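Structure, as structure tokens:
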Amino acid sequence: MTRASRFMDVSSIGQAEEDFSQSSESRWIRKKIKMRECARFVAADLKYNYKIEKETLCFCGLPFYKHSRTTAIASSLPSAVTWSWKRDTKVLPTDAFGELEFVGYEDIQRKYIRIDAETNMRDVLHLLLNIWDMKKPNLLISVTGGRENFRMKSKLRDIFRRGMIKASTSTGAWILTGGINAGVMRYVGEAMRDYWLTAASTVRVIALGITTWGCVKNREDLQDTFGSGLWPATYTMAPTTDRNEKCLDPNHTHFLLVDNGTNNQPGVEIKFRTALERAIANIKTGNSQDDVFVPMILLLIEGGLDSLESVRESIRNGIPVVIVKWSGGLADILAEIFESAKVESITIKSNGNSRVRSRSVTDNSIPTNLRKAIGETLGEDTIEENYSILRECVFQRELVTVFDYHSTLGIDVAILKGLLKANKDQVFDQLKLALAWNRIDVAKSEIFTEDKIWPPGSLHEILFSAIKQDRVDFVDLLLDNGISLKEFVTTERLLKLYNTALDHTLLKELLCKVKRKHHNNGNTAITLKDIKRLIKMLTDINVEPYASRPANQQPLGSNRKKESKFPFEDLFLWSVLMNRQDMAKLFWKQGKDATAYALLAFGILNAMATKTDDTELRNSLIRNAEEFGDLAMGVLNECFEADEKKTNFLLIRRHEQFDGANCLKIAVKSDNKQFISHPACQDFFRNVWMGQLSPENGTWRLLISPLVLGIFLLKVKDVYYYVKDESSQSCNSESDVFTPVKHGTLERRFNIKRTVSETNTTSVSDCAKETLPRRSTDSMEGYSKKKLQGIRWHLHRIQSIYTAPVMIFAHSVATYIVFLAIFSYMLLVEFDHHMGKYEVIIFIWVITLMIEEMRQFCSTSQTKQNEEFTRVALWQKFLKKKKEYWSDSWNKVDVLTIVLFILAAVLRFCPWTITEARIAYSFCLMSFFFRILHIFTVHKELGPKIIMIRRMMVDLVFFMIILMVFVLSYSITSYAIMFPNSVMSSSLVTQILRKGYWTLYGELFLDEYEGAGECTKNVTIYAVSPKNRCPEERMVATLLMAFYVLFANVLLLNILIAMFSNTFQKVQENTDRLWNYMRCSLIYEFYNKPFLPAPLSLPIYIFLMIKWVLNRGCGVCLDLTPDLSEAQDREIMQWENVIADAYSQKLKRNRENRMETKVFEINERLEKLTSTMGNMQSFHDTFNHIDRRLDSIEEKISKILGYVNWEKNKKISIYEETGNKGSSGNPRHYSC
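Taking our numbering as reference, the numbering of the sequence shown is continuous, increasing by one, and the terminal residue is 1232.
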């Protein structure tokens, strides 16, 4: 290790060499951070006089030989020379910084630096926050106390360790200590060690040690002459006999080694530490104006005279102090004075406000036991002076908190309560501090008390900070205390929340992509339109991120900002996009439309997971999406068990905030197969699929009905209508029943009403709904129910049979088979230069199919009546429809088939391309045959097999990429060995690849390898016919083929089989779910189709096209929405909210009943019980001690009484003896 010496000056390092060899951190430190070195030698030992020896000490504490050669030497007598570190030291770039590695503690790297005592605090803060990347603290805990080793009680030591770590981790605090391995600093270090060994949390705990550079043992190990720092510096802890030199503590995370050019002179860091604490206390916990300044508290453990001065300075500066009682020394003295003092309340008036303050009143006289303790701890000479300082320290009771480990509170709670007590008049500052610390327990017990009254709107900024900092418990607490989210959620606040998204986050990247797509790169601020476009891009659903109240609902003359109609939902969307799961679940529980928003969150999170390459983030998004999917399923399941009919209304109820979308549409758009597979959804789709057909119709009856007249085989549900009892006339019920069916459109409201409104297929007219109270359809007062009969029933029956989606499907399948038969016959028998009648039929049929595809393209999204039809709007609408249409893979097959047919038709009318036309027709027919696979999706067993084939095709494509490497390598190598110097021709590529490819299927070409056939080696002959060339090096080629067959046929093909088996297993596990989802798409498709199959539906398509053009697309979207009044819609919504709340409570109870929760609760109870038993044991010990003292006192009293009696008896006996003598010597006196 190279160290600074008198033969090398560190300032001589060249600037160019520094810039080349040092990192940016090293360059900044060398530029901004300085150290001090003695520049003037003054002998401190008088015995050397003028003669300076090698070991002569300077006033700086270093011997002469350790000074630099450039150091000046005082020429006067030592007694006549004064030495000052500010004047007689020089400032140099620091030579000790980097990472510190303690021998035996190599698992953690600590930052350290040697720093000048007069360094600007702005540079120090920049070093801590930017260079060392320390997170801003929410609390500063300055620990002071005994510097020498002292014994702390084991229970207090354990409580201190746990409390310090809990206070630091829960609040994000910095712990400031002296940083040496002695006294209270060692106990702090042990607490840090216990945290690193046992904590599963990733919260970074910071313990910053500030000590004097000249008092660090083995400090030479930390120096680096060349100025690039030590990474790491190996530091050895060694025992020391010097009282001033101490080793650094290995469990601190950062060290500031304060230097003023002196050595072995403690106390240099005191002013530096005080200035740094003030600088830290003057920064804010966050970057916004609403954040509070970093609070600071002083923690006193044991301590002596130096600690007394620190406590007094803290009290004078308004910094609260926590005194740890029973730790000994100064802490016990202050605790005794504080607890024994009388409390006096005074009223202080300032700026018109009155504040009540508590003051400690102490006696001027010092009790004997206290005098003795002060003398032992602080010195016998200054007892009176120190006592006055002690009284000053405890005078302001708001700033002093005494922690007694016998109490049930932890030291972390004592620290936080001490801070809140010091700021009890600033309630909002208290709340901000509790929010910054994330201590919901302190907020509940100390701030949100019953006597607190919060003015309206006063907590809005606190709530905003809580939401931004993801403090879920605080948000829940604030909502429980009466905050109105309708007043809180404004456009400005919502945009402010969205703009808190950090750069390089997924949300920010997606929003930037949205802005680039809409040519809005100049404005970097996020707008609500950007959020709407982003959600549309992710889920293909129009969602308003901020739904303000309509203007007609605002009070007249109101100057208030627009209130959000859905405040919880707006914040829920923000939480989902920010991937804040707990916050999103909180707003989801509080909001409305639980099922719809859970489905929307499922779609958003899954879509976001596909947009990121970060594996951890992707897994988190998928996990959160699955959780919301489970919530949607749970609510739907509870609703379905409660009321099936209302659940049907719930699934297809319009949501105005989703542009009229319902739960089914959201589930389909978000690809939520689990939700679609729910029995409630399947019952609904089954009813839609069957239409008005009775469930009694079996499968075989439905299959043979297209071959014969279905009206003779199929049963239809009964239809009832209501007739007034008085007039015996129906109230327009029949007109509603016989509303003409709009064939070919998506609004067959007749079918939907019968499907979703009444399980017994009864219908109630609008007149009855308006004039009668809502009752059961079987008993309506004033009306009688009658069954529809006669000619109207037969017309209704025919209409119901031919408009049911299942019959439309059956007719389409039957006619499609006929189409394939005619197409095959035409292509095999009657395809020639002249167009026949079968070819004309095929042309008409394909044109009808092409019009059907055009109808599907136009019906992918609904065009509103009031929508703007500009050129840009039409183009965007076209792109939107193309995206939706192209998302279905079967539509791609249809487009490919139609393009092939058009190509074949063009070639067919050219006489010289009739053969090419036949080939194109053949491929077109093959594509039409493949289209039959789509029909199989209706079958529960065949449908999932289609999914398997599709996914196995993907596996096959990736496998072919690997396989072609082996095929090409073997083919080219073997051909080059067997047929060298081949002639370049068009057939060379075919000749090379055919052996490698066909060998995979068992064709080994052994005749060619063995040369059994006729062959030639004549170049002229095999140049014309390469197949007749004789192979060379047959043995090598045969051996190569053997290895190729081993790898390709055995290894690779078995890998392909394993891939197929894996895919099959994955699909097979979700067979029911996949089939239900596929059947849903099929039902949507055939519900939209006209009731007549192609080509009979051609007139209907022409009519629909004319209508679509005239109405600009009105009425061409699937509408499964029932005719619900506003009251009915509100009733369904409230019913869903009640079910969702009950489900949330059920989940909460399940969590509480889980084994993990019970174990955690039992553990907490055991800890409390252990603490209580410890307190009881402590009280028991105290009582025993008191009992022993009483026994001792009683014994002493008895001894004293015995002595008194003995003395009394002795005096009586003496008196009696004296009296007897007197009576014998003076008898006359006795007689008198």
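Glycine included, each C-beta is placed from N, C-alpha and C at the ideal position. Keep in mind the model is a prediction, meaning the values are calculated, not measured.
Option in the options with minimal Cα separation from residue i
i     : options                    : result
T212  : I280, A117 and P137        : A117
A1048 : F959, G375, K372 and L1098 : F959
E644  : G1002, D683, R623 and A422 : D683
A466  : A667, A1127, E55 and R580  : R580
D133  : R204, R161 and T94         : R204
M152  : L257, I847 and G183        : G183
A814  : M35, F831 and L1092        : L1092
H796  : L534, T1016, V806 and L693 : L693
Q396  : A422, H406 and N438        : A422
Three-state secondary structure (DSSP) of residue i
i     : result
C38   : strand
A1058 : helix
I33   : coil
P664  : Contrary to the premise, residue 664 reads as Leu rather than Pro in this sequence. Residue state, collapsed to three classes: helix.
R951  : helix
S407  : coil
G146  : coil
K1089 : coil
P944  : helix
E99   : strand
C58   : strand
R357  : strand
Y546  : coil
R1029 : strand
D530  : helix
Nearest-angstrom Cα separation, counted from residue j out to residue i
i     : j     : result
S307  : V427  : 31 Å
F909  : N606  : 51 Å
L1104 : F488  : 49 Å
W588  : A1142 : 13 Å
V413  : L494  : 35 Å
L963  : Y1001 : 13 Å
E1131 : S670  : 27 Å
L820  : P1090 : 21 Å
V983  : Y975  : 12 Å
L1046 : L1006 : 16 Å
E101  : A233  : 6 Å
N559  : E656  : Low confidence applies to N559: its pLDDT is 42, below 50, so where it sits in the model is not reliable, and the reading given next is rough at best. Distance between the alpha carbons of N559 and E656 is about 26 Å.
K1264 : C663  : Residue coverage of the chain in this structure runs from 1 to 1232, which leaves residue 1264 outside it and unanswerable.
E696  : Y802  : 17 Å
S1125 : K646  : 14 Å
S68   : H504  : 51 Å
Whole-angstrom C-beta distance between residue j and residue i, which should lie under 8 Å
i    : j    : result
T171 : L140 : No, T171 and L140 are not in contact; Cβ-Cβ is about 10 Å, not under 8 Å.
S358 : V343 : 6 Å
E544 : K529 : Actually they are not in contact, since the Cβ atoms of E544 and K529 sit about 10 Å apart, beyond 8 Å.
W231 : L208 : Not quite, the Cβ-Cβ distance comes to about 20 Å (not below 8 Å), so this is no contact.
L502 : K508 : 7 Å
L934 : W890 : It should be noted that the sequence gives His, not Leu, for residue 934. Sure, about 5 Å apart at Cβ, within 8 Å.
Neighbour-count burial assignment, residue i, 16 or more Cβ in a 10 Å radius
i     : result
V1204 : exposed
M578  : buried
R239  : The amino acid occupying residue 239 in the given sequence is Pro; Arg does not appear at that position. Exposed: under 16 other Cβ atoms inside 10 Å.
R1151 : exposed
A1233 : No answer is possible for residue 1233: it lies beyond the span of the chain, which begins at 1 and ends at 1232.
Q1145 : exposed
G318  : exposed
S1213 : exposed
E1085 : buried
Residue-chain proximity (residue i, chain D), Cβ-Cβ < 8 Å
i    : result
K513 : Within the model displayed, chain D is absent; a lone protein chain is all it includes.
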